[in-house]
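Notes follow the structure.
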Amino acid sequence: MSGAATRAPLLAVRDLAVRFTGPDGVARAVDGIDLTVGEGETVGLVGESGCGKSVTALALLRLVEPPGHIAHGSSVRLEGRDLLALGAKEIRAVRGNHVALVFQDPLSALNPVLRIGAQIAEAIRAHEAVTRGTAHWRAVEMLAAVGIPDAERRARAYPHQLSGGMRQRVLLAMALACRPQLLLADEPTTALDVTIQAEILELLDGLQQKLGMAVLLITHNLGIVAERTRRVYVMYAGQIVEEAPTPRLFAQPSHPYTEGLLAAVPRLDERRTRLRAIPGQVPPATAWPPGCRFHPRCPHAWERCRVEEPPLLDAGAGQRARCWLVQEPARRKK
Amino acid sequence: MLRFVARRLAFAVVSVAAVVLVTFLLVHAAPGAPMLGTPETIASPEVVARQRALFGLDRPLPEQLLRYAVNLARGRLGESFVLHRPVADVLAEAVPNTLLLGGTALLASLLLGLAAAAAQAARHHTRTDTVLGVVTLVFYSVPVFWLGLVLLLVFGEHLHWLPVAGMTSAAIHDRLPPLGRALDVARHLVLPAASLALVQAAAFARFQRAALLETLAAAHIRSARARGLPERAILLRHALRGALAPTITLAGLSVPYFLAGSVLIESIFGWPGLGRVTYDAIFARDYNVITAAALVAGVLVALGNLAADVAVAVADPRIRVDR
Amino acid sequence: MSPWRLAARRFARNRPAVRGAALVALLALAALVGPLFAADPLAQPDPVRLQDRPPSADHLMGTDPFSRDVLSRTLHGARVSLVVGVGAALLAVTLGAGVGLVAGLAGRRTDQLLMRGVDVALALPRILLLLAVFAVWDNAPAAAVVGLIAATGWFQTSRIVRAAVLSLREADFVVAARALGEPGWGIVRRHLLPHVAAPVIVSASLDVGNIILLEAGLSYLGLGVRPPTPTWGNMIMDGKDVLLSAPWVALAPGLALVVTVVAFNLAADGLRDALDPRAAA
């Protein structure tokens, strides 16, 4: 069982699959994942670039564009409502309003020819019937809430006049302006300096507590996942390969891929002459390997792994892993 | 912002000066030096003597250039050998008509082109996109003078829908009330303006479609969609606005094409503008008129570029920071 | 796979582009071979009886006001249009690339000087200058037409090439080559040229159609290559006076122009999409 509240989860994703049709065949970028986020909970979704995590975020709000499409049989339920079955107007009412999505690169996510205050106000007026004046005032309020000094004046600035950290704050302000219940944060700090990263994450924490908002933190940075999330999902080759409460994942990873990820992080308290990388490369999404998708790179793989694809197996204390080692721990090579 | 405009203005002046210089040099350097009329219309000795004196045509080149520049500053553009009138008068009558024709065509082509491009971008990957793409390609590849002839043939002669010559219906024009006169001119304006506009609209559409598609794929559009903004607002407010700057630049750069087109189209439709004057002058080797026309054209082009630069700076705040 | 092979594959998959290229090849063939079999374009076998005859078995596209065979003149005109179009485009990009290379590789002063000149030149209306020159230059040979059109059309290319060279000058692989002691010319040829080749090729191919129309416009006005030598433009000029009674005289060359320019534009669009995948939409 996941460690979330026993109430029905805020977000329940079942069997989500996203496919892209291209000249080289069909790429199954997201291939049947399940995840849940409880109210007010912070959940992490971790994986390397190209494992399908950004596509997952887009799919949740039905923002996947052709040649990609969400496969039949996928279900994304927000408070019980299936988002994939909604009409165009209804899904628009959800976007930015109940569920907000923050992208990775703040400069390109903001319209360069419009002032930032106007962009925030526009988002508010798209969902609430308020006057221009009220929307503008609330936009300024939001800017102040994300820690932008002199908000009234700054609202008239253009995106290119602000620094990277400021822009990310503006993006957050835009996303939170309508007080969503769930925030999807796709690599919110990757484009920023380390010191700014910490500030933004603190800010996010504070806002989350104030608004009682749930957050799905999508990133490849294990450090922020360790600090900020309650539960983590690990994604590889379009699938969830491990899920666990955060402390347990870092203390006792079950899946060899997770182990590899953790081992690859250089540590100050260890003396090593070489960095430990996971051998091999992520296979192309058009041709996932048979059996367990990680087997070509796994140090413990045996016959069964090459032939049979493991489901998510229960490893105890809220942890599950998609690996035959859970059933046959003796096979683990030393 | 003001400094930006001032710099662009200075540049415009420089380019006009360059046009004057280059035209002068080219015309004087081309083999078969400035002829004073064709054998049929050879100027009388008195006119020749007058022009010689005014322009110093038998003096060395640099001196001629100087005299030309001085005359220009004094507004003395010389005399037309064919029409036996001061060039300045001829131009003063003709230029407004060309501005009317060219201006109408430019506006029409902008609207048409943008509409086509928006339709194509919004319906990307559908039949509409492909069909419109073919249409714009064909119109882009058509010689404008041939299009004019075809339109004249079809709509003017065979169908008798629209008049084929002149700017007004000479017989009745003066007896019409002001609104009637305006309508009369408008009727005569349709075919020539359409010839010019259709080709340029295709050019705009082709460019704008690519620009719009690129903008629509941009991250901030996806971001806007993620905020739940309605599609129409996204297209109009975010996508088109972003594509506005290059459109304005294109419009400014299209001024030379409209001017050149007017030379061809006005003669076909008998529109009494700068183009027709230039056309006749070319055939009659009316040297003074040709150079004066090139000068006016150069000024119009420089103004067009200037206006476009300023308009772009207004539309896109990033440009104001200047190079 | 080398980027050129990749681009070739992309081009091959683009059906309209392939058709355009095939059509261009066909037109080139027609221009090359057609005139050898056609009647004399200047011949006026029967000035009175054969004047303005509609298309018939003897004259597949009819005759013109001077009783010359329109089909033959159209085929001969193709030679002029194609030679001027392709020739001027090639010459223009060569000039532009040359200036761009010099500006990009030379010191700041030379660069600034050249680019200021280009800026002013870009502001000059090309068509009007050409009109002015050819208006007073009687019976200019085709070479002059090619030369002057090229001379007024290389500015944008020089900008593109200069930008590419500037950005590549400090690129790692160039610095590495110099560190290995490769001579200047070798670096230009082996490292820089392939990178500027793509935008230059695209620019040139997109230009051909416009140049063909430009030349047609000039000869329609009776400038440049003059009658009786047939060009599509001056054939339309002849045809406009008999537009109502003998429309085929102007229609044949006009259609030829449209088909030719469409073909070049299709191929050029395809080249652009193949060489710059970001532009493909």
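Chains A, B and C are the protein sequences, given in the same order.
If you count by the numbering used here, then the first sequence holds residues 67 to 400, one letter each, in order.
If you count by the numbering used here, then the second sequence holds residues -1 to 321, one letter each, in order.
If you count by the numbering used here, then the third sequence holds residues 15 to 295, one letter each, in order.
C-beta atoms are modelled at their ideal positions from N, C-alpha and C, and glycine is treated no differently.
query: Residues in the stretch 167 to 185 of chain A having any Cβ partner in chain F nearer than 8 Å; result: No chain F appears in this structure, whose protein chains are A, B and C.
query: Contact set between the stretch 126 to 146 of chain A and chain B, restricted to residues whose Cβ is under 9 Å from the partner; result: Leu127, Leu129, Glu131, Pro132
query: Enclosing alpha helix (DSSP H) for Pro49(C) [first to last residue]; result: 29 to 51
query: Nearest candidate by alpha-carbon position, reference Leu80(B), set Val287(B), Arg220(B), Val294(B); result: Note that residue 80(B) corresponds to Val in the displayed sequence, not to Leu. Val80(B) has its Cα closest to that of Val287(B), out of Val287(B), Arg220(B), Val294(B).
query: Beta carbon proximity, Val160(A) to chain B, threshold 8 Å; result: yes
query: Identity of the residues DSSP links to Phe86(A) by a beta bridge; result: Ala93(A), Gly134(A)
query: Burial state of Ala115(B) (16 or more Cβ within 10 Å); result: buried
query: Start and end residues, alpha helix (DSSP H) containing Asp380(A); result: From DSSP, Asp380(A) is part of no alpha helix (DSSP H) but of the beta strand (DSSP E) over 379 to 382.
query: Thr274(C) - DSSP class collapsed to helix/strand/coil; result: helix
query: First and last residue of the uninterrupted beta strand (DSSP E) at Gln126(C); result: Careful: Gln126(C) lies outside any beta strand (DSSP E), inside the alpha helix (DSSP H) at 122 to 137.
query: Where Phe137(B) falls: helix, strand or coil (DSSP); result: helix
query: Enclosing alpha helix (DSSP H) for Arg158(A) [first to last residue]; result: 154 to 160
query: Any beta strand (DSSP E) of 3 or more consecutive residues that is wholly inside the stretch 199 to 261 of chain A; result: 248 to 252
query: Stretch pair the stretch 143 to 151 of chain B + the stretch 242 to 252 of chain B: three plus CB contacts closer than 8 Å; result: no
query: Status (buried if at least 16 other CB within 10 Å, exposed otherwise) for Lys155(A); result: exposed
query: Those residues which DSSP pairs with Glu308(A) across a bridge; result: Val300(A), Ala387(A)
query: Cβ neighbour criterion (16 or more within 10 Å) applied to Gln305(A); result: buried
query: C-alpha distance - Ala277(C) paired with Val260(A), whole-angstrom precision; result: 55 Å
query: Reference Asp171(A); option with closest CA among Gln247(A), Ala205(A), Thr255(A); result: Thr255(A)
query: Per-residue DSSP class, three states only, for Met33(B); result: Annotation note: pLDDT 46 at Met33(B) (below 50); position unreliable, no value reported.
query: Residue-level contact to chain B via CB, Leu138(C), 8 Å cutoff; result: yes
query: Any chain B beta carbon closer than 8 Å to Ala13(C); result: Examination of residue 13(C) is not possible in this model, given that chain C is present from 15 through 295 alone.
query: Whole runs of the alpha helix (DSSP H) within the stretch 193 to 272 of chain C, excluding any shorter than 4 residues; result: 198 to 201, 207 to 234, 246 to 254
query: Ala343(A) - containing beta strand (DSSP E), residue span; result: No beta strand (DSSP E) contains Ala343(A), which DSSP labels as neither H nor E.
query: For Leu206(C) and Leu182(C), the rounded distance between their alpha carbons; result: 7 Å
query: Nearest-angstrom Cα separation, counted from Asp380(A) out to His122(B); result: 47 Å
query: Buried versus exposed call for Ser120(A) [16 or more other C-beta atoms within 10 Å across all chains shown]; result: buried
query: Of the listed residues Leu228(A), Ile190(A), Gly231(A), nearest to Arg158(A) (C-alpha basis); result: Ile190(A)
query: Identity of the residue in Ser139(B), Ala119(B), Asn69(B) nearest Glu212(B) by Cα; result: Ala119(B)
query: Cβ of Leu227(B) within 8 Å of any chain A Cβ; result: yes
query: Which of helix, strand or coil DSSP assigns to Ser115(A); result: coil
query: Backbone CA spacing between Arg148(C) and Leu237(C) [nearest angstrom]; result: Sequence check: residue 148(C) is Phe here, not Arg. Spanning the two alpha carbons is a distance of roughly 6 Å.
query: Within 8 Å, strictly: CB atoms of Val17(B) and Leu304(B); result: no
query: Chain-ordered chain B contacts of His193(A) [CB-CB under 9 Å]; result: Arg225, Gly226
query: Under 9 Å (Cβ pairs) to chain C, residues found in the stretch 261 to 277 of chain B; result: Val261, Leu262, Ser265, Ile266, Thr276, Tyr277
query: Residue range of the alpha helix (DSSP H) that includes Ile174(C); result: 169 to 183
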